[in-house]
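K.L.:
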Amino acid sequence: MTAAPAAFPPVLSLKGVGPALAAKLQRLGVMDVRDLVLLAPLRYEDRSKITPIASASCGKHLIEGEVVLTDITGRSRPLLVCRLRDASGTLDLRFFHFNASMRNRLLPGTRWRCFGEVKVSSFGKEMIHPQMERADTSLPGIVPIYPTVAGMTQKVLRRLIGQALAWFESRPEWLPSLPDSMVPESTWEALHFLHQPPLETEVAALNAGNHPILKRLAWEELLAHHLSLQSLHDFRKAGQGPKMDASSPLIDKFLASLPFRLTDAQRRVFAEIRSDLASGLPMGRLVQGDVGCGKTVVAALAALVSHGSGYQSVLMAPTELLAEQHFQTWRQWLSPLGIKVHLLTSKMKGKERSEVLAAMKAPSQAIFIGTHALFQREVRFARLGLVMVDEQHRFGVDQRLALKAKGEQAIPHYLVMTATPIPRTLAMLRYGDMAVSVIDQLPPGRQPVETRVMGQDKREELIARLQSWIEGGRQAYWVCTLIEESQALDCEAAQATAASLQESLPGVRIGLVHGRMKAMDKEQVMNAFKQGEIDLLVATTVIEVGVDVPNAGLMVIDNAERLGLAQLHQLRGRVGRGPGQSYCILLYKPPLTEIARQRLDFLRQCRDGFALAEKDLELRGPGEVLGTRQSGALQFKMADPLRDQDLLPMIQEDAIAVREQGAECIYRLLKFWLGDGNQYADV
Ligand code: ADP
Ligand code: MG
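Note that this note's numbering has the sequence shown beginning at -2, numbered continuously upward.
(1) Given the structure, does ALA416 come close to the ligand ADP, in the sense that its CB is under 7 Å from one of the ligand's heavy atoms?
(2) Could you check if ALA461 is buried or exposed, using at least 16 other CB atoms within 10 Å of its CB as the buried criterion?
(3) Quick check on the DSSP output: what are the complete beta strand (DSSP E) runs of length 3 or more inside the stretch 97 to 167, in order along the chain?
(4) Any heavy atom of the ligand SAM closer than 7 Å to the beta-carbon of ASP387?
(5) Determine whether the beta carbon atoms of PHE190 and ILE210 lie at a separation below 8 Å.
(6) If you reduce the DSSP assignment to three classes, tell me which class VAL553 lands in.
(7) Assuming LEU44 is part of the beta strand (DSSP E), what are its boundary residues?
(8) Express the C-alpha separation of GLY281 and GLY512 in angstroms, rounding to a whole number.
(9) Alpha carbon to alpha carbon, what distance is there between ILE142 and VAL180?
(10) Relative to the C-alpha of HIS94, which candidate in HIS126, LEU59, ALA147 has its C-alpha closest?
(11) Is DSSP giving THR342 helix, strand or coil here?
(12) Assuming MET28 and VAL8 are in contact, meaning their beta carbons sit under 8 Å apart, how far apart are those beta carbons, in whole angstroms?
(13) Would the stretch 500 to 519 and the stretch 253 to 262 be scored as touching if the rule is three or more Cβ pairs under 8 Å?
(14) Counting C-beta neighbours from all protein chains within 10 Å, is the total for GLY347 16 or more, i.e. buried, or is it exposed?
(15) Tell me, please, which residues DSSP counts as bridged to GLY281.
(16) Return the residue from the list GLY442, ARG44, LEU154, ALA253 that minimises the CA-CA distance to TRP330.
(17) Does the separation of the CB atoms of PRO279 and ILE436 fall below 8 Å?
(18) How far does the alpha helix (DSSP H) with ASP273 in it extend, from its first residue to its last?
(19) Count Cβ pairs between the stretch 59 to 74 and the stretch 232 to 246 that sit closer than 8 Å; are there 3 or more?
(20) Grab me the residues of MET129's own chain with a C-beta within less than 6 Å of its C-beta, minus the 5 sequence neighbours each way, in chain order.
(21) Considering GLY347, what are the terminal residues of the alpha helix (DSSP H) in which it resides?
(22) DSSP three-state call for ARG594: helix, strand or coil?
(23) Which one or two residues does DSSP pair with GLY452 in a beta bridge?
(24) By a C-beta neighbour count over all protein chains shown, 10 Å radius and 16 as the cutoff for buried, is PRO38 buried or exposed?
(25) Let me check you understand the geometry: is the CB of VAL288 closer than 7 Å to at least one non-hydrogen atom of the ligand ADP?
(26) Hey, is LYS292 close to the ligand MG, as in C-beta under 7 Å from one of its heavy atoms?
(27) Given the structure, does PHE251 come close to the ligand ADP, in the sense that its CB is under 7 Å from one of the ligand's heavy atoms?
(28) Which of the three DSSP states is assigned to TRP466 in this structure?
(29) Should SER681 be labelled buried (16 or more other beta-carbon atoms within 10 Å of its own) or exposed?
(30) When you measure from the CB of GLN521 to every non-hydrogen atom of the ligand ADP, does any distance come out below 7 Å?
(31) Out of SER465, LYS358, LEU533, ARG594, which has the shortest C-alpha to C-alpha gap to LEU562?
(32) Could you tell me whether any non-hydrogen atom of the ligand ADP is closer than 7 Å to the CB of GLN263?
(33) Out of curiosity, what's the CA-to-CA distance linking VAL140 and ALA299?
(34) Mind checking whether VAL115 and MET124 have CB atoms under 8 Å apart?
(35) So, for ALA525: in the same chain, excluding its five sequence neighbours on each side, which residues have a beta-carbon less than 7 Å away from its beta-carbon?
Dropping the structure here:
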């Protein structure tokens, strides 16, 4: 065990960061300098070459020019126009949103560099809302574009990341030597490159993620995960699990109360879990199964065994919405058997909250449901026997370690459910400490979802169909896909879509959920949708996991070409859960690139999550930037487990070499990559 090094400085310690900015950063998941340097760019833009105005054709360009005039025009809506001139010609900048200080800064005679889309019309060339900086203070370069939230600009992020990099510069390296297969850059040098690539760097290699320095970072992250799993594995092998009695009489009672019979696959997987629970060794088991295969009921059966042996159980969900939904299902299933189910959410305060916390500390046999974040805090359990995690792909290994420490006596059994298809090599890395069960069968009577690919030009037709679908008494989803760079824009897009659909469908009851709504409001809308009080639910991808409304058999995915196949497949899994034919309409904005067309077409024909994941990789040529990292399937910071598959075989060997560099080095490596939640030192 090593003495804990001081935590990383919080963002508030950086120059120019006050509480307001810190709150915005928190929404991005950025709390300290470590989070800042690990904030991976979504993509890079080549702003290394200045295009003369005369030769700037349609498309994105960097131009530099001197302000000739600035004026506010427009009758119904004011418009700020600023004319720039260089040696070759002139171009107008147009701003629909502006303020007085902006106008005052665009003084005639000042020189600016502007980056944006050039449009050519009969009035000449123009750029609308370009990104701009004073020419005397900005350097042309390769510019990283980060994910951001409302009110935070790329410029601010770049500046803060620069400060964070400076902090790390003075720290000692944690990997004194690297294997020969990696470029020799130190971690800090590689991070520096990630955020400030030198001018001559090939932008295509950066965007494809196959630049050797980016590969080196991905390697280090994968290595850190591997090492932490290894320690977890050693820990569990040496430990004791709660010894449970697998013959709880409640199990048969519960099965008899269900409106369906378990599939053979569900039966088999439950038998595997049951024997683990009775073995006396701590279970670590991953239950993998396509969306809709019925993982939840298998988990509930495991909880019954735990209950029958006098233990508490916890179910962790990735979102509040999903936790609330599980709570309703589980309560409905288990209360008739006299089992207490508690929900813990972040909005619960005061008495309500302290009652749940008290129930955890009491030696009861209750079941607790909430988001993983809630179980990370001060929560203590009297007799925790089983920890279940839904959709584990959203969490890191570190959380698994953190919860482990809560069990007072034995190490609780651990059950993870995921619908994410994971290639074998990756499963080894990610779940190397766990046994795997697969539910490879869907409940009977499910009709495969019919998938259609449709251009935006057919929108009217589609809306007419939607109308008759809803008149037929069924419900539908309309999913607005992520605008990567800004969650705010994404929500705005969903709001705008809901409004325009309401205009075209006046009699239809439309609801809206998006990521920036309060949990309580989201829940209200979701409940209304579940109760059939809403016909059409317009949503961002927040509904991606777990939402279960059988009567909603039609899903439209707007701008489907923006998402990865795995994510589209997850979304599509929300429909096809009830009787009757279900449909998934993939709406795209023409023209479609050849790769995008192939991807959508493959999704139309294929229902096998594994095949889809592999296809995603195969089709992702250089320049295709949407990886699993961005689409959120597996949340590494730098590594993209599909793209970086080639690194996996060497990780095991490299881990041995790194272990020889000493415990201190490993501690610092894990602390950096896995963060404060990582409890390697305690294990
Ligand atoms: P997932 O594996 O995606 O989490 P769920 O557990 O949410 O799937 O199950 C999807 C739906 O199928 C739920 O409505 C559930 O009640 C139902 N279900 C589960 N098992 C069966 C079964 N054996 N027969 C019929 N319906 C089932
Ligand atoms: Mg589920």
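All C-beta atoms, glycine included, are put in the ideal place defined by N, C-alpha and C.
P.N.:
Here's the rundown:
(1) yes
(2) exposed
(3) 108 to 118, 121 to 125, 128 to 131, 138 to 142
(4) In the structure shown, the ligand SAM is absent; the only ligands present are the ligand ADP and the ligand MG.
(5) yes
(6) strand
(7) For the sequence presented, residue 44 should be read as Arg rather than Leu. Looking at the DSSP string, the run of the beta strand (DSSP E) that includes ARG44 is 40 to 44.
(8) 32 Å
(9) 24 Å
(10) HIS126
(11) coil
(12) 6 Å
(13) no
(14) exposed
(15) TYR411
(16) ALA253
(17) no
(18) 261 to 274
(19) no
(20) TRP109, CYS111
(21) 347 to 358
(22) helix
(23) TYR585
(24) buried
(25) yes
(26) yes
(27) no
(28) helix
(29) Examination of residue 681 is not possible in this model, given that the chain is present from -2 through 680 alone.
(30) no
(31) ARG594
(32) yes
(33) 50 Å
(34) yes
(35) GLY508, ILE531
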